[in-house]
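Start counting the sequence shown at 74; every next residue gets the next number (our numbering). The structure appears below as structure tokens.
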Amino acid sequence: EGAELSELARKELDVVGAAARAVTVFGAQAVPNYIISMCESVSDLLEAAILLKEAGLLDVSGAAHGEVYAPVGIVPLFETIEDLQQGSSILEAALALPVYRSIVTARGQHQEVMLGYSDSNKDGGYLAANWALY
74 EGAELSELAR
84 KELDVVGAAA
94 RAVTVFGAQA
104 VPNYIISMCE
114 SVSDLLEAAI
124 LLKEAGLLDV
134 SGAAHGEVYA
144 PVGIVPLFET
154 IEDLQQGSSI
164 LEAALALPVY
174 RSIVTARGQH
184 QEVMLGYSDS
194 NKDGGYLAAN
204 WALY
């Protein structure tokens, strides 16, 4: 509170705020996931968690007692060759953090992941992209 936000941060919070209103009005199925395009690090996942928290779509304050509110999933989209290769390491590191693990636990021990091939094809060519997906 009281922190000055950049225009980009304000716009993103506006989008997530609209998602929160949709969840309130229509239920969690209205906005099932927050997809992180070009996800390349654990900090990208945690940044999404902070945005969801600020919008009221994430509450981990009761995590020690198994009480976490997380109606919207955090979904990394790995798109470049390097990100595809590092995807499992990024997820392992995120899941090793108790706060992130509590979010996944609250969502039924389910972590959705998206793999992009369009950008990886441009990044490294057809063969390299498909090998990285494999």
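Backbone N, C-alpha and C define an ideal beta-carbon position, used for all residues, glycine too.
Inter-residue CB distance, residue i and residue j (contact presumed, cutoff 8 Å)
i      : j      : result
Val96  : Leu131 : That pair is no contact at about 11 Å.
Leu188 : Leu157 : 6 Å
Ala136 : Val172 : 7 Å
Leu170 : Val177 : Not quite, the Cβ-Cβ distance comes to about 10 Å (not below 8 Å), so this is no contact.
Ile108 : Val148 : 5 Å
Gly160 : Val186 : 7 Å
Ala128 : Ala92  : 7 Å
Leu164 : Gln182 : The pair is not a contact, with the Cβ atoms about 13 Å apart (cut-off 8 Å).
Terminal residues of the alpha helix (DSSP H) in which residue i lies
i      : result
Gly100 : Element bounds for Gly100: n/a, residue is neither H nor E.
Runs of alpha helix (DSSP H) wholly within the segment 121–190 (minimum 4 residues, chain order): 154–168, 171–179
Three-pair Cβ contact test at 8 Å for the segment 133–140 versus the segment 96–106: no
Any chance the segment 75–83 sits against the segment 105–119, with 3 or more Cβ pairs inside 8 Å? With a cut-off of 8 Å on Cβ pairs, the segment 75–83 is not in contact with the segment 105–119, counting fewer than three such pairs.
Three or more C-beta pairs under 8 Å: does that hold for the segment 85–99 against the segment 117–130? yes
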